[in-house]
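Visitor:
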Amino acid sequence: MLTKQLDPDIHNKINSEKYDRLLFYFNKTSNNINQIAKQINTAYQNGMITEQRLIRWLTILNTISDNLLSGIEHDK
1 MLTKQLDPDI HNKINSEKYD RLLFYFNKTS NNINQIAKQI NTAYQNGMIT
51 EQRLIRWLTI LNTISDNLLS GIEHDK
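Take the sequence shown: its letter number 36 is residue 36 in UniProt numbering, and every next letter is one higher.
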């Protein structure tokens, strides 16, 4: 038998807040990745792909990935 009862109102509110925060992180990440994809496509169409640009984009993508994972870990 459980000695503590879950209050559904509190439990659902906490889960909803976490869900909303995670959704915020995913939306922000999606926007950033789309901006990078547009930059890459434009550079490719203009013949402007360079190793330096690729390294910069990969660095940005790694930063986005790290920030997303940090946000997820923080809001668990």
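Where a beta carbon is used, it is the ideal one built from N, C-alpha and C, also for glycine.
Does Asn46 come out as helix, strand or coil in the three-state DSSP assignment?
Guide: Asn46 falls in the coil class under three-state DSSP.
Visitor: So, under 8 Å CB-CB, Ile64 and Thr42 are touching, yes? Tell me the CB distance rounded to an integer number of Å.
Guide: Actually they are not in contact, since the Cβ atoms of Ile64 and Thr42 sit about 19 Å apart, beyond 8 Å.
Visitor: Going by C-alpha distance, which of Asp66, Gln39, Gln45 is nearest Arg53?
Guide: It is Gln39 whose Cα lies nearest to the Cα of Arg53.
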